[in-house]
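Encoded as structure tokens, the structure appears first; notes follow it.
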Amino acid sequence: MFPGLAAAPLIYIRTRQGKMPQGRKMATAKIEPHMVMADAQGNIYDDPDLLMVCRRGEEWGTPRPDELMPLPEESELFLLPGRRAVGLNPETGEIECTEDLAVAAFAAPAHTLSAHPAYTSDADAPLLPLFAYGAVGFAKGRFYICARKVDADQRQEFRHIPRSRIEKNVRALLRQFPKNRLVGHILEDCVMKYDCPAARNFALGRFEAPLPSSRTCNARCVGCISEQDKDSPINVTPQCRLTFTPTPEELVEVMSFHAGRETKTPIYSFGQGCEGDPLMNPDLLVESVRLFRSQGGVGTVNCNTNASRTEAVERLAKAGLSSIRVSLNSARPEVYERYYRPHGYSFDDVRRSIAVARQNGLWVSLNLLFFPGVTDSEGELEALARLVGENGVSMIQWRNLNIDPEWYLGLMRGIDHGPIMGLSLFMKRLKKLCPWLRFGYFNPYVGEKAELTAPLPGQWQMPDLPVADAPLAGPAQEDGAGDAGEEA
């Protein structure tokens with residue numbers, strides 16, 4: 001599923017499940033997953049005498065009652081090299097470390113992780129590749145994960161679509177558009193090499209079409225999935241950076257073709273994982289959007305961006321852009337800058353771009369890269385609520401930050417995040433502070449021009465709400481497992 005991992009020195013990850021764990025029978029009313037571990041061949045087992053332990057930042061504990069759900073279909077299981085599984089002995093109340101390898105789950109799209117797996121690392125443990133690692137356990141004949149389904153949209157579910165159908169469409173489209181380099185890149189690279197969900201949807205003629213356009217970026221994200229610095233410890237990325245700049249005609253040809261196939265809710269998005277930031281080439285985007293709209297192009301034209309260039313955002317809004325999605329790991333400048341490492345812009349520029357987008361009628365989503373134990377903190381809640389309310393954000397897309405958990409925590413060392421409350425309570429409290437806010441995972445279809453309920457910049461004031469108590473760690477109720485979340 002993840003091309004390139006085999007080439008990574010010292011990294012050994014198996015995604016096959018191997019033998020199914022065998023564990024003791026549990027009481028029917030509650031879920032208390034066992035610890036799971038793996039051998040070097042990728043076979044996964046459970047330990048009937050140890051309970052699952054998870055990690056949120058520097059805190060270890062059993063899963064909260066509101067965060068366990070059955071492992072979603074199309075998820076993957078990872079063996080974690082150089083990391084030893086740990087579990088809780090319910091008889092002694094002590095956490096025990098084993099000699100077996102730890103296991104993590106990579107959650108299917110539309111699910112946000114609420115905890116990482118707890119483990120101890122060997123001194124020579126290799127850095128983990130750029131994926132998200134969720135805490136996983138086993139109970140009642142199936143795996144459970146610490147996560148929450150945050151979007152009911154099925155646009156990135158492919159389990160009922162034969163791979164042969166996608167590949168047949170790829171071949172047909174390559175014959176239909178032999179001179180369009182962008183079509184070639186989306187199909188030959190993004191579909192056939194990287195299995196990109198957005199590219200597969202373009203091949204199928206549904207949902208959201210990707211529009212990669214930029215070879216460069218003005219951020220040097222620690223976890224960039226398409227390009228790393230020469231001195232980075234990450235020696236292989238999940239994707240490779242776009243090697244050419246498409247023309248407006250190539251971009252519009254992709255958009256118009258997609259509009260003819262996805263006639264109900266067409267979305268076209270600049271800013272993909274295989275490129276830099278699209279605002280680095282604003283003239284190209286403005287000309288492409290204007291050309292598409294002048295030809296009667298309908299649907300939601302979206303830009304996924306770091307929002308570093310405010311003037312470009314305003315120009316795109318006037319040209320016919322419908323929405324922007326602003327990627328960030330935090331609304332706190334010190335946390336943001338340690339990960340994004342901006343070059344030639346600051347977090348204040350991001351904030352201004354969001355405000356200008358709302359003032360110009362754009363739907364603004366935050367692509368919030370969620371990291372358990374850092375994002376779901378008191379310090380982040382206040383900062384995020386202010387960013388959302390004071391600048392007119394309409395939606396938060398709760399995405400998982402793909403990075404080795406210990407590496408990220410090392411980057412954040414010295415920053416006081418405050419008490420940790422967990423994903424579900426964090427979402428609940430943020431919703432109380434900003435009741436218009438929509439939660440989800442994917443870019444929404446908003447038509448050509450969105451109807452906005454988010455306040456304009458300057459209209460909102462931070463409410464004075466009491467701090468809520470976080471749910472205590474403990475066994476989850478079976479009836480609540482797999483809750484699909486507050487709203488899609």
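Using full-length UniProt numbering, you'd call the opening residue of the sequence shown number 1 and step up by one each time.
C-beta atoms are modelled at their ideal positions from N, C-alpha and C, and glycine is treated no differently.
A quick note: this is a predicted structure, and the numbers were derived from the prediction, not measured.
| Cβ atoms of A135 and H116: under 8 Å apart, would you say? | yes
| Among A357, A331, R341, which residue has its Cα nearest to the Cα of L387? | A331
| field | Alpha-carbon to alpha-carbon, D348 and P266 | value | 32 Å
| message | Quick check: the Cα distance between I70 and Q461, rounded to an integer number of angstroms? | response | Checking the sequence shown, residue 70 turns out to be Pro, not Ile. In a straight line, the C-alpha of P70 is about 39 Å away from that of Q461.
| Beta-carbon spacing of A317, N367 below 8 Å | no
| Backbone CA spacing between L430 and I166 [nearest angstrom] | 40 Å
| said: Would L401 and A102 be called neighbours here (beta carbons separated by less than 8 Å)? | reply: no
| query | Where R206 and K264 are concerned, what is the direct C-alpha to C-alpha distance, given to the nearest angstrom? | reply | 9 Å
| said: What does the Cβ neighbour count give for G93, buried or exposed, with the cut at 16 atoms within 10 Å? | reply: exposed
| request: Would you check if the region 44-52 and the region 79-93 touch, i.e. whether three or more CB-CB distances between them fall below 8 Å? | output: yes
| said: Taking DSSP's pairing of strands, which residues face D283 in a bridge? | reply: DSSP output for D283 lists no bridge partner at all.
| query | Cα-Cα, which of D153, S327, V374 is closest to L423? | reply | V374
| So is I186 buried or exposed if we call it buried at 16+ other beta carbons inside 10 Å? | buried
| field | Where residue 499 falls, given that 16 or more other Cβ within 10 Å makes a residue buried | value | The displayed coordinates of the chain run from 1 to 488. Any statement about residue 499 would go beyond what the structure contains.
| said: Could you tell me the alpha carbon to alpha carbon distance between P333 and V446, rounded to whole angstroms? | reply: 30 Å
| Just to confirm, are S213 and L284 a CB contact at a threshold of 8 Å? | yes
| message | Here's the rule: buried if 16 or more other CB atoms are within 10 angstroms of the residue's CB, otherwise exposed. What is L182? | response | buried
| field | Those runs of the beta strand (DSSP E) which lie wholly inside the region 33-65 and span at least 3 residues | value | 34-38, 44-52, 54-56, 59-61
| request: Indicate the three-state DSSP secondary structure (helix, strand or coil) for K179 in the structure shown. | output: coil
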